[in-house]
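Novice: Quick note on numbering: the sequence shown equals residues 729 to 931 in my numbering. Cβ atoms here follow ideal geometry from the backbone N, Cα and C, with glycine treated the same way. Structure incoming, see below.
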Amino acid sequence: MGASANLAAGAAPGPKRGNGDQIVAAGRVRAFIALGSNLGEREAHLSDARAALGGTSGLRIVGASRIYQTEPMGPGDQGPYLNAVLAVDTDATARGLLERLLEVEQQGGRRRSSEGQRWGPRSIDLDLLFHGEARLAEEGLEVPHPRLHQRAFVLEPLCELAGDWIHPGLGVSLETLRQQLQGSGWVEVYPQQTASWTVGSDL
729 MGASANLAAG
739 AAPGPKRGNG
749 DQIVAAGRVR
759 AFIALGSNLG
769 EREAHLSDAR
779 AALGGTSGLR
789 IVGASRIYQT
799 EPMGPGDQGP
809 YLNAVLAVDT
819 DATARGLLER
829 LLEVEQQGGR
839 RRSSEGQRWG
849 PRSIDLDLLF
859 HGEARLAEEG
869 LEVPHPRLHQ
879 RAFVLEPLCE
889 LAGDWIHPGL
899 GVSLETLRQQ
909 LQGSGWVEVY
919 PQQTASWTVG
929 SDL
């Protein structure tokens with residue numbers, strides 16, 4: 729059964745059919761969030777961030793990809809990342825959701841203001857990939873994420889949840905973008921993923 733069918737099975741009353749045939753409760757928006765970590769207990773950092781997001785008022789996690797181990801971007805003297813993607817239904821605006829992601833990063837020990845390099849190592853990194861079909865370019869906020877189509881470490885887990893989602897800016901499916909991607913670093917399913925990281929849709 730595909731991700732869209734799984735999400736439909738547990739949809740709340742009064743659903744609407746959205747992009748990629750995904751089912752979203754009335755008054756809510758389907759958003760996708762990328763998680764990454766390459767410092768310390770990497771899977772624990774992802775799990776802690778997921779738990780914090782799951783406890784956010786007005787937000788429900790409805791899907792989680794497998795965890796992937798991926799080649800780091802930027803300086804070569806850092807360890808590999810663990811990456812995953814969450815699908816959420818939220819009543820927050822894109823700006824409000826982004827602010828929540830920044831709060832969760834801070835709770836996880838990240839201090840963006842003290843980072844000396846753009847792609848340096850970090851305990852937790854949270855990126856807002858999509859907020860429904862919104863197209864926004866504001867100070868500190870751009871959705872869809874402007875580089876997601878160039879990153880295998882985003883597209884691989886994202887396509888597990890929404891391969892038929894149409895990118896509102898590029899007009900093609902995420903699966904098409906994944907197949908077209910070349911030279912974006914190695915990506916592999918993380919073999920030591922623990923059972924506590926629940927994978928699937930309509931969680």
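1) Give me, in chain order, the residues of the same chain whose beta-carbon lies closer than 7 angstroms to that of residue 922; leave out the 5 immediate sequence neighbours on both sides.
2) Just the Cα atoms here: how many angstroms apart are residue 888 and residue 747?
3) CB residue 777 to CB residue 763, shorter than 8 angstroms?
4) Counting pairs of Cβ atoms below 8 angstroms between the region 778 to 792 and the region 818 to 837, do you hit three or more?
5) Would you kindly work out how many angstroms separate the C-alpha atoms of residue 930 and residue 890, rounded to a whole number?
6) Thinking C-beta only, is residue 869 closer than 8 angstroms to residue 826?
7) In chain order, which continuous runs of the alpha helix (DSSP H) of length 4 or greater are located wholly inside the region 830 to 906?
8) With which residues is residue 797 paired in a DSSP beta bridge?
9) Is it the case that the Cβ atoms of residue 857 and residue 874 are separated by a distance below 8 angstroms?
10) If you run the structure through DSSP and keep just helix, strand and coil, what is residue 930?
11) Start and end of the beta strand (DSSP E) containing residue 765?
12) Suppose you measure from the CA of residue 833 to the CA of residue 877; what does that come to, to the nearest Å?
13) Report yes or no: is there a C-beta of chain C within less than 8 angstroms of the C-beta of residue 756?
14) Please look up how many angstroms separate the CB atoms of residue 881 and residue 913, rounded, as I've assumed it's under 8 angstroms.
Specialist: Taking the coordinates as given:
1) 771
2) 15 angstroms
3) yes
4) yes
5) 13 angstroms
6) yes
7) 880 to 890
8) 810 and 916
9) no
10) coil
11) 757 to 765
12) 23 angstroms
13) Among the protein chains of the structure shown there is no chain C, as only one such chain exists.
14) 7 angstroms
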